[in-house]
Amino acid sequence: MGAVILGTGSCLPDRVLSNHDLEEIVDTNDEWVRSRTGIATRRISGEGEEVYRLATVAAQRAMEMANVTADEIDLIIVATISPHMIMPSCACFVQKELGAANAFAYDLNAACSGFLYSLDTASKHALVDRDKTILVIGAETLSARTNWEDRNTCILFGDGAGAIVMRYAENNRGVLASELFSDGNLWKLLHMHGAPSCNPAIDPPDNPGPYMLMEGREVFKYAVRAMENAVLQLLEKEKISIDDISLMIPHQANIRILNKLLSRLGVKQEKVFINVQKYGNTSAASIPIALDEANREGLIKHGDLLLICSFGGGFTWGAGLLRW
91 MGAVILGTGS CLPDRVLSNH DLEEIVDTND EWVRSRTGIA TRRISGEGEE
141 VYRLATVAAQ RAMEMANVTA DEIDLIIVAT ISPHMIMPSC ACFVQKELGA
191 ANAFAYDLNA ACSGFLYSLD TASKHALVDR DKTILVIGAE TLSARTNWED
241 RNTCILFGDG AGAIVMRYAE NNRGVLASEL FSDGNLWKLL HMHGAPSCNP
291 AIDPPDNPGP YMLMEGREVF KYAVRAMENA VLQLLEKEKI SIDDISLMIP
341 HQANIRILNK LLSRLGVKQE KVFINVQKYG NTSAASIPIA LDEANREGLI
391 KHGDLLLICS FGGGFTWGAG LLRW
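Residue numbers (this note's numbering): 91 to 414.
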């Protein structure tokens with residue numbers, strides 16, 4: 091018994107920004123970026139591709155697959171760290187765009203772990219109120235939160251959105267379990283300031299602007315260890331072997347992080363879906379975009395056991411198990 095995924099969808103901006111394009115912006119080159127990140131291209135939003143519009147299109151595609159109308163949606167959760175406005179939430183904008191008049195809506199901020207956190211939250215909503223039809227969306231326009239003069243960060247991030255439709259079902263499918271963690275003591279290693287405060291008394295003295303700052307080597311070290319521990323704890327709790335996993339969909343952050351994680355877990359490459367080379371790190375959108383691509387490519391079959399895991403600013407991290 092659990093919250094079953096009825097449909098998936100995704101939406102990427104039209105503009106493709108290649109590593110060669112970045113050579114015109116910062117001191118970098120294609121070989122340097124590929125060797126350190128595995129990224130070849132990323133998508134960048136243009137006019138009419140605000141984060142809530144990407145989220146809405148991804149939601150519509152998931153709803154079409156699930157054969158669900160806007161009137162049937164009861165809850166919309168959007169995981170994002172790059173909302174169109176501070177208020178109202180991105181989820182409220184999506185509700186308006188969809189015409190989902192019967193839904194209540196809110197955003198969830200857990201950085202790159204946002205979709206994983208939202209999936210866990212949505213599954214608990216579904217267990218309490220078993221008639222709910224829920225939209226869970228991960229959506230980001232990180233291009234609006236990137237310092238394009240910093241080659242250590244601007245090469246990493248991209249824009250996009252992914253969505254799922256969930257509903258409770260009386261079977262052994264759906265979200266089986268999650269293990270979620272956070273450690274606010276490590277916030278300085280990966281963070282993003284907001285706009286300068288209108289009250290100077292409480293404005294951080296070192297606020298350089300509303301873009302991402304990262305200490306890459308330290309993040310790498312913590313990310314691999316944290317995701318490995320989360321996965322192992324989850325598998326142990328559920329009495330499942332890594333060999334029982336049909337497909338693993340990790341957060342698409344950096345190929346070096348992914349390769350190190352897979353090596354430590356002993357996961358076979360053919361059991362892992364990776365698309366970081368096409369889209370870069372899309373934060374909360376990365377897992378649902380990958381999930382939709384894997385689903386539409388026929389890589390996920392009824393009854394498959396899926397493992398997802400993520401790590402993000404906060405620090406936040408975790409792992410989840412789903413039966414398709």
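No residue lacks a Cβ here, since even glycine has one placed at the ideal position from N, Cα and C. Owing to the predicted nature of the structure, the values given are computational and were not obtained by experimental measurement.
| Query | Result |
| --- | --- |
| Are residue 232 and residue 172 closer than 8 Å when you measure CB to CB? | yes |
| Closer than 8 Å by C-beta to residue 429: which residues in its own chain qualify, once you throw out the five before and the five after it? Chain order, please. | Absent from the model: residue 429. The displayed extent of the chain is 91 to 414, so no value can be given. |
| Could you give the DSSP three-state label for residue 403: helix, strand or coil? | coil |
| Express the C-alpha separation of residue 295 and residue 100 in angstroms, rounding to a whole number. | 39 Å |
| Counting only the same chain and skipping the five closest in sequence on each side, list residues whose C-beta sits under 8 Å from that of residue 361. | 335, 336, 337 and 338 |
| I need the straight-line Cα distance from residue 167 to residue 161, nearest angstrom please. | 16 Å |
| Quick one: grab the DSSP three-state call for residue 37. | Here the chain has residues from 91 to 414 only, and residue 37 is not among them. |
| Rounded to whole angstroms, what is the Cα-Cα separation between residue 190 and residue 146? | 11 Å |
| How is residue 325 classed by DSSP in three states: helix, strand or coil? | helix |
| Identify the residues that DSSP records as bridge partners of residue 281: which are they? | 303 |
| Could you tell me the alpha carbon to alpha carbon distance between residue 307 and residue 347, rounded to whole angstroms? | 11 Å |
| What do you reckon, is the C-beta of residue 253 under 7 Å from a heavy atom of the ligand ZN? | The ligand ZN is absent from the structure shown, which contains no ligand whatsoever. |
| CB-CB under 6 Å to residue 272, same chain, minus the five flanking residues each way: which ones, in chain order? | 404 and 406 |
| Along the chain, where does the alpha helix (DSSP H) containing residue 146 start, and where does it finish? | 141-156 |
| In the DSSP output, what is residue 317 paired with across the bridge? | Answer by DSSP bridge pairing: none, since residue 317 is not bridged. |
| Express the C-alpha separation of residue 371 and residue 135 in angstroms, rounding to a whole number. | 14 Å |
| Hey, could you find the ends of the alpha helix (DSSP H) residue 382 is sitting in? | 376-386 |
| Would you mind reading off the limits of the alpha helix (DSSP H) that contains residue 218? | 204-218 |
| Can you find at least 3 beta carbon pairs, one from the segment 257-267 and one from the segment 203-221, that sit closer than 8 Å? | yes |
| Can you tell me which of the three DSSP states residue 340 falls into? | strand |
| Going by DSSP in three states, residue 357 sits in which element: helix, strand or coil? | coil |
| Name the two residues that bound the continuous alpha helix (DSSP H) containing residue 123. | 120-127 |
| Taking the alpha-carbon positions, what's the residue 323 to residue 276 distance? | 21 Å |
| Please list, in chain order, all residues of the same chain as residue 142 whose beta carbon is under 6 Å from its beta carbon, the five residues on each side excluded. | 174, 180, 183 and 184 |
| Kindly list the residues whose CB is nearer than 6 Å to the CB of residue 391, restricted to its own chain and excluding five residues on each side of it in sequence; keep chain order. | none |
| Could you check what DSSP says for residue 101 in three-state terms: helix, strand or coil? | strand |
| Please return the same chain residues whose Cβ sits closer than 6 Å to the Cβ of residue 98, not counting the five positions on each side in sequence. | 152, 254, 381, 382 and 385 |
| By DSSP's criteria, residue 194 is part of a beta bridge. Which residues make up the other side? | 165 |
| Given that a residue counts as buried once 16 or more other Cβ atoms are within 10 Å of its Cβ, and exposed if not, what is residue 144? | buried |
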